[in-house]
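A.B. asks: Below is the structure I would like to discuss, written out as structure tokens.
There are 2 protein chains.
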Amino acid sequence: MGRYRVGLETRERILSATRRLLAEVGIEGVTLKAITANARVGAGSFYNLFASKDDAVFEVVREAIEAVDPDPAGAGTDSLEDLVDAFVAFMTGSSPIARIYLQLAGRGLTDPVIAARVLRSHRRRVERFADAWQREVPELEPAEAAARAEVMLGALTGLGMTALMDPGFDMRRHALALLPDAARLRATG
Amino acid sequence: MGRYRVGLETRERILSATRRLLAEVGIEGVTLKAITANARVGAGSFYNLFASKDDAVFEVVREAIEAVDPDPAGAGTDSLEDLVDAFVAFMTGSSPIARIYLQLAGRGLTDPVIAARVLRSHRRRVERFADAWQREVPELEPAEAAARAEVMLGALTGLGMTALMDPGFDMRRHALALLPDAARLRATG
DNA sequence: TACATATTGGAGCGAGCGCTCAAGTTCTGC
DNA sequence: GCAGAACTTGAGCGCTCGCTCCAATATGTA
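From first to last, the protein sequence lines stand for chains A and B.
Residues in the first sequence are numbered from 44 upward in steps of one, following the numbering used here.
Residues in the second sequence are numbered from 44 upward in steps of one, following the numbering used here.
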């Protein structure tokens, strides 16, 4: 499976086509026919290199998440409004990863394996937000900071869904309302 | 569509079969064949009563949501905490339809037809929440009440997703944090 | 060069999908 | 009890799906 030069190149073309299609039509819209047509490859070539369609899809999603994940060093210097802005940009920006992420989360509602993966990345993000809350409002109990982070992320996720369905939706405006007064003033100032 | 007694009964049998199947096998598992076999009805009868398969699915979801409505008549008597409690009950209660609702919303991220339907019901709900905000805090500008309703519903949706993936998640606790102080005190007694 | 192995395209398989349609049956109001 | 609307059936249409198969060809190795 991909031992000769041409084979590896074909593999890359297939992954690239899958990536492009995931971005354009989402997880359910990705068909084998679309992938092979887009990669200009026969179905036989595809199955010479991948065990199944899902095999290719998971590989692309894995790579995409990895590319976005980094948490650069986790230095802990990001403010609450930084995090909110980053999340809004993630949802409303040009990158299609957000849509895929939410569709994956939707699958997680019935697929325990996917649910575990989604929850893990969710928890990591809640921690980041909780830390930022603590820095913003130092007198907060840690549990209270965590609770506020949870609510904030929930709201951002929900607002993101609306934003992705309704292009006219001003996600940033609503998202900023989630900030404590001081941070909101800084952000809108 | 469903004007004679038998027709209405058939309609109920179909909805009941759809409800049962949605609960048992999830949204992907519900096929027309399964519905009609389960309801002991020909495909033609189905299409005499429903415009499409999705039509029946939406109806089931709509009814499930309505079932937890604290003010089905729209009398304008529901408080903010009533609405939040109803949403939490819908998400965390015994009915498996909440899962279906969120999966439908997920499909709306790439399917414009579904997106339109989801957004329509979303807007209706935002209005209900906005009215309740207005009643709770009369000095609020209408636009501000609408904005708070939007954020609140976004948060409830996002928290619902977490709750459905993580059985240990205390959705109600986090949801109540979204209420204004007076209402929160009333709700937590 | 000779040969094994990897890679290729694409016709086509079998299954399953949502949905249509023509024909016959049942119900209701008058 | 009759007209006509509402209801019913289920074979089957047209389509798409993931995937298989295999002869032809390209590639790397000795």
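Here a beta-carbon is modelled for each residue, glycine too, at the ideal position from N, C-alpha and C.
(1) Within 8 Å, do at least three Cβ pairs link the stretch 201-220 of chain A to the stretch 187-202 of chain B?
(2) Chain A partners of residue 228 of chain B, CB-CB under 8 Å?
(3) Between residue 161 of chain A and chain B, is any beta-carbon pair separated by less than 8 Å?
(4) Helix, strand or coil for residue 113 of chain A, going by three-state DSSP, please let me know.
(5) Kindly say whether residue 112 of chain A, judged by its beta-carbon, lies nearer than 8 Å to any beta-carbon of chain B.
(6) Report the residues of the stretch 171-200 of chain B with a CB closer than 9 Å to any CB of chain A, ordered along the chain.
(7) Quick one: any contact between the stretch 203-210 of chain A and the stretch 120-134 of chain A, if contact means 3 or more CB pairs under 8 Å?
(8) Is there a Cβ from chain A that is less than 8 Å from the Cβ of residue 134 of chain B?
(9) Looking at residue 70 of chain B and residue 57 of chain B, is the spacing between their C-beta atoms short of 8 Å?
(10) Looking at chain A, which residues of the stretch 204-226 of chain B have a Cβ within less than 7 Å of any of its Cβ atoms?
(11) Report yes if the CB atom of residue 145 of chain A is closer than 8 Å to the CB atom of residue 207 of chain A, and no otherwise.
(12) Between residue 168 of chain A and chain B, is any beta-carbon pair separated by less than 8 Å?
(13) Here's a check: name, in chain order, each residue in its chain whose Cβ is nearer than 7 Å to the Cβ of residue 142 of chain B, leaving out the five neighbours to either side.
(14) Can you tell me the Cα-Cα spacing of residue 47 of chain B and residue 121 of chain B, whole angstroms?
(15) Around the Cβ of residue 124 of chain A, are there at least 16 other Cβ atoms within 10 angstroms (buried) or fewer (exposed)?
(16) Can you tell which of A:225, A:165, A:151 has the C-alpha that lies nearest to the C-alpha of residue 199 of chain A?
(17) Using a cut-off of 8 Å between C-beta atoms, extract the partners of residue 145 of chain B located in chain A.
(18) In terms of residues, what are the limits of the alpha helix (DSSP H) holding residue 131 of chain A?
(19) Excluding five sequence neighbours on each side, which residues of the same chain lie with their C-beta closer than 7 Å to the C-beta of residue 229 of chain A?
(20) If we ignore side chains and look at the alpha-carbon of each, how far apart do residue 61 of chain B and residue 75 of chain A end up?
C.D. replies: Reading it off the structure:
(1) yes
(2) The contacting residues do not exist; residue 228 of chain B stays about 17 Å from chain A at best.
(3) yes
(4) Unreliable positioning characterises residue 113 of chain A in this predicted model, as indicated by a pLDDT of 39, which lies under 50. A coordinate reading is not provided.
(5) Because residue 112 of chain A sits at a pLDDT of 44, beneath the cut-off of 50, its placement in the model cannot be relied upon, and the point is left open.
(6) 190, 191, 193, 194, 195, 196, 197, 198, 199, 200
(7) yes
(8) Not one chain A Cβ lies under 8 Å of residue 134 of chain B.
(9) no
(10) Per Cβ criterion, the list reads 204, 205, 207, 208, 209, 217, 220, 221.
(11) yes
(12) no
(13) 207
(14) Each residue's Cα considered, the two are about 35 Å apart.
(15) buried
(16) A:165
(17) 149, 152
(18) 123-135
(19) Excluding residues within five positions, the ones whose Cβ falls inside 7 Å are 124.
(20) 30 Å
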